[in-house]
Amino acid sequence: MADDPQRNFRSSYYEKVGFRGVEEKKSLEILLKDNPLDLEKLSTFSQRFPLPSMYRMHVWKVLLGMLPPHSDSHTMVGGYRKEQYHDILEALEVMRYVNSSTPCTHVYLRMFQLESQVLPRCSEISAPDEENEDFLSISRAMEEIIDDPIDCYWLIKCFVNQFHTKFGDSIPHLPKSLEHYLSQEEPRLLKHLKNTGALAQLPYSLWFRRCFAGCLPESSLQRVWDKVISGSCKILVFVALEILLSYKIMLLGITRPEGVVRFLCNIPQENTDAIVTKAIELWHKYCGTPMHAV
Amino acid sequence: FLEDVKCQAKAELQDSDSRYQAQRRITQLLQTELLQLYSRVETEAPAGT
Amino acid sequence: FLEDVKCQAKAELQDSDSRYQAQRRITQLLQTELLQLYSRVETEAPAGT
Chain S
1 MADDPQRNFR SSYYEKVGFR GVEEKKSLEI LLKDNPLDLE KLSTFSQRFP LPSMYRMHVW
61 KVLLGMLPPH SDSHTMVGGY RKEQYHDILE ALEVMRYVNS STPCTHVYLR MFQLESQVLP
121 RCSEISAPDE ENEDFLSISR AMEEIIDDPI DCYWLIKCFV NQFHTKFGDS IPHLPKSLEH
181 YLSQEEPRLL KHLKNTGALA QLPYSLWFRR CFAGCLPESS LQRVWDKVIS GSCKILVFVA
241 LEILLSYKIM LLGITRPEGV VRFLCNIPQE NTDAIVTKAI ELWHKYCGTP MHAV
Chain C
295 FLEDVKCQAK AELQDSDSRY QAQRRITQLL QTELLQLYSR VETEAPAGT
Chain L
344 FLEDVKCQAK AELQDSDSRY QAQRRITQLL QTELLQLYSR VETEAPAGT
């Protein structure tokens, strides 16, 4: 056992993280004391290191622009956010778009549509389209992560808006990028997926439009979103890649593309923390670690 | 330092204005809804009386 | 000069706030109007059908 290089590597890795974890937490605390907060340094930190869960929400709020960089404006702006939330909700209730039995995620969707000026007439509301479903999936995941409805709505809205603005143009290229890295890591699996016709049908929208919402449990998901929120959509490719690599044997045994898709849309939920950890390692290996001093 | 004060003020103004913008969208929606409802009431009224 | 910038920022923020408050009052009027109209339509509806 002691000779198992993989095991040795892993335990030394965890030791390192355990030791470094304390140092990292301290350096984040120093960053969070800055006024104004330095968004670039916060992003770099969050790209390089895991966010301690006690600071995660605060970092997300600042990086997503829900709160401004100046800490002494936070109380006032927090008040604005709250007013805006209640104003919109009240109007939707009066116009009968929502009532007390409407699921929160649907309420958030209507609020978002109202703000984006795409709210359909009440009588013309139909089943959610693909884009609405993406929004709802992200909302359901965010709702699992955050208890407060005001924070939850604002973070969903800012996340979705930032994702489209920053990465809208890159998203269509991610499947090609996945194919490229898969050819480097496991050409045999790539060939199998191509030959069976599964490659074209992989759950790209679940992976790259919903950012794994509904695919990974929240504890793993938020570690992926840390990287997305701090400025990388490439991480999504490596999480997808690591899922494929982790279930390689299984996937090589499935010959029908529908079977592949069904499996990938419902991956086992036990192993996902390790998958995300390995995905982040692979991502750092191929894309480098941001080098700015923290 | 002066730049910093300006930046802070600008951010606060934007965040305050965002509430106003939301209110404007709400007003527009309410107006559309009201207009439609009025025209419905007026078409139906003769039958009701 | 710094004081000047701060004063200006404060005034702008106040303007933004009063724009918001004004728009909010409009919204509330319209909402009341809409609620009344809904209840009118619903009371009349059975007679109309």
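Protein chains in written order, with the numbering used here: chain S, 1 to 294; chain C, 295 to 343; chain L, 344 to 392.
Heads up, the beta-carbon is just placed ideally off N, CA and C, and yes, glycines get one too.
None of these values were measured; they are calculated from a predicted model.
Inclusion of leucine 241 (chain S) and tyrosine 181 (chain S) in the CB contact set at 7 Å is warranted, their separation being smaller than that value. Residue state for alanine 213 (chain S) is assigned as strand, using DSSP reduced to three classes. Note on geometry: alpha-carbon atoms of arginine 110 (chain S) and leucine 39 (chain S) lie some 30 Å from one another. At least one C-beta of chain L is nearer than 7 Å to the C-beta of valine 94 (chain S). A distance below 7 Å separates the beta carbons of leucine 28 (chain S) and phenylalanine 45 (chain S). By the Cβ test, the segment 188 to 201 of chain S is not in contact with the segment 141 to 151 of chain S, since fewer than three Cβ pairs between them sit closer than 8 Å. Judged by DSSP secondary structure, tyrosine 55 (chain S) falls within the alpha helix (DSSP H) whose first and last residues are 53 to 63. In this structure serine 232 (chain S) does not touch valine 276 (chain S) by the C-beta definition: roughly 14 Å separates them, more than the 8 Å allowed. Counting C-beta atoms within 10 angstroms of its own C-beta, threonine 326 (chain C) has fewer than 16 neighbours from the protein chains shown and is therefore classed as exposed. For phenylalanine 167 (chain S), the three-state secondary structure derived from DSSP is helix. In the same chain as asparagine 35 (chain S), and ignoring 5 residues on each side of it, the C-beta atoms closer than 7 Å to its own belong to His70, Ser71, Asp72, in chain order. Of the residues S:Ile280, S:Leu251, S:Asp151, the one whose Cα lies closest to the Cα of alanine 198 (chain S) is S:Leu251. Pairwise C-beta distances place the segment 314 to 331 of chain C out of contact with the segment 48 to 67 of chain S, as fewer than three of them are shorter than 8 Å.
With at least 16 other beta carbons inside 10 angstroms of its own, glutamine 366 (chain L) counts as buried. The alpha carbon of lysine 166 (chain S) has as its nearest neighbour, out of S:Leu31, S:Asn271, S:Ala91, S:Ile229, the alpha carbon of S:Ile229. With 16 or more other CB atoms across the displayed protein chains lying within 10 angstroms of its CB, arginine 210 (chain S) is buried. CA-to-CA, the gap between glycine 168 (chain S) and arginine 256 (chain S) works out to about 31 Å. Our two residues, leucine 114 (chain S) and isoleucine 249 (chain S), have alpha carbons roughly 47 Å apart in a direct line.
Going by beta carbons, valine 348 (chain L) and valine 335 (chain C) fall outside the 7 Å limit. For the 7 Å CB-CB criterion, threonine 289 (chain S) and arginine 20 (chain S) do not form a contact.
Across the segment 320 to 336 of chain C, CB contacts with chain L closer than 8 Å involve Ile320, Thr321, Leu324, Gln325, Glu327, Leu328, Leu331, Tyr332, Arg334, Val335, in sequence order along the chain. The criterion of a C-beta distance shorter than 7 Å is not satisfied by alanine 213 (chain S) and serine 126 (chain S). Collapsing the DSSP output to three states places leucine 155 (chain S) in a helix. In the structure shown, phenylalanine 344 (chain L) adopts coil according to DSSP, grouped into three states.
The DSSP-derived three-state label of phenylalanine 263 (chain S) is helix.
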